[in-house]
Amino acid sequence: MPMALYPFWADELQAPWALGMFYAAITVGSVVVTLTSGWIRAYRFHGRAVILAAMGWGLAIAASGLSNSLIIVLFCLTVAGASDMVSALFRGAIWNQTIPDELRGRLAGIELLSYSVGPLLGQLRAASVASATTLSFSVTSGGLMCVVVVGFLALFLPKMWKYDVQTNEFAVREREIRKNRELS
Numbered sequence: 001m002p003m004a005l006y007p008f009w010a011d012e013l014q015a016p017w018a019l020g021m022f023y024a025a026i027t028v029g030s031v032v033v034t035l036t037s038g039w040i041r042a043y044r045f046h047g048r049a050v051i052l053a054a055m056g057w058g059l060a061i062a063a064s065g066l067s068n069s070l071i072i073v074l075f076c077l078t079v080a081g082a083s084d085m086v087s088a089l090f091r092g093a094i095w096n097q098t099i100p101d102e103l104r105g106r107l108a109g110i111e112l113l114s115y116s117v118g119p120l121l122g123q124l125r126a127a128s129v130a131s132a133t134t135l136s137f138s139v140t141s142g143g144l145m146c147v148v149v150v151g152f153l154a155l156f157l158p159k160m161w162k163y164d165v166q167t168n169e170f171a172v173r174e175r176e177i178r179k180n181r182e183l184s
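Quick note on my numbering: the sequence shown kicks off at 1 and runs consecutively.
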C-alpha cells in the first residue's frame with residue numbers, strides 16, 4: 001500500500017499537479033470493476049479469483065514502482081484498484097456462502113481489524129523502506145513481496161485455490177440451511 005508515498009512520487013515524476021490522480025487511481029479501478037461486476041455470478045472458482053486478484057494487485061504495484069512515466073504509474077495503480085475490488089467481491093461472496101450466521105459477528109470484527117490495520121502497516125512499511133532506500137525500490141519490493149507471500153500461502157491453502165461455489169462443502173451446507181429457512 002504505497003499511498004503514504006504519493007506526494008513524494010508525484011514530485012519524483014515532476015508532476016505535483018497530478019497528486020489527486022494518484023489518490024484517485026485505485027478508486028477508479030475499483031469503480032470500473034464494480035460497474036462491470038455482473039460476470040462474477042458466472043465464475044464459480046471464487047478462491048482462485050481471490051488469489052489471482054491479490055497477485056494481480058502485487059504485480060500492478062510492482063510494475064508501477066518500475067516506471068518513470070506518470071501515465072504508466074497511474075494505469076498500474078488503476079489496475080491495482082481493479083484487482084483489489086475483484087478480490088473484495090469474491091471474498092465477500094465466499095463470506096456470504098460459507099460463514100454460519102452465528103459466527104458472522106465475531107468474524108466481522110476480525111475482518112474489520114485486518115482492513116483497518118493492514119493498509120496502515122503497508123504504508124508504514126512503504127515509507128520506512130523508501131526512507132532507507134528509494135521510492136522505486138520500496139514500491140516495487142512491496143508489490144513483489146505481495147505476490148510471493150500470496151503464492152506461498154496459496155501453496156499451503158489448497159482448499160482456497162480449489163474453492164468452487166457449486167461443490168464446496170461449506171457453501172453447499174449454508175445454501176441448504178438458507179433454503180430450508182425459506183421453506184419454513
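Idealized CB from N, CA, C, for every residue including glycine. Predicted, not measured: the structure shown is a model, and the values here were computed from it.
Exposure label - residue i; buried when at least 16 CB within 10 Å
i, result
"Phe-156", "exposed"
"Ser-116", "exposed"
"Thr-36", "exposed"
"Gly-20", "exposed"
Three-way DSSP call (helix, strand, coil) for residue i in this model
i, result
"Ser-184", "coil"
"Ala-15", "coil"
"Leu-157", "coil"
"Arg-44", "coil"
"Ala-27", "At residue 27 the sequence reads Thr, which differs from the Ala that was named. Looking at Thr-27 - three-state DSSP - the assignment turns out to be helix."
"Asp-84", "helix"
"Ser-37", "helix"
Contact check, residue i vs residue j, beta carbons under 9 Å
i, j, result
"Ala-62", "Cys-146", "yes"
"Gly-142", "Gly-58", "yes"
"Val-149", "Phe-137", "no"
"Ala-25", "Thr-78", "yes"
"Arg-91", "Val-165", "no"
"Val-33", "Leu-89", "yes"
"Ile-94", "Gly-47", "yes"
"Leu-66", "Thr-140", "yes"
Interface flag, residue i vs chain C, CB-CB below 9 Å
i, result
"Arg-106", "Here chain C cannot be found, since the structure has a single protein chain."
Runs of beta strand (DSSP E) wholly within the region 93-145 (minimum 3 residues, chain order): Qualifying beta strand (DSSP E) stretches: none in this window.
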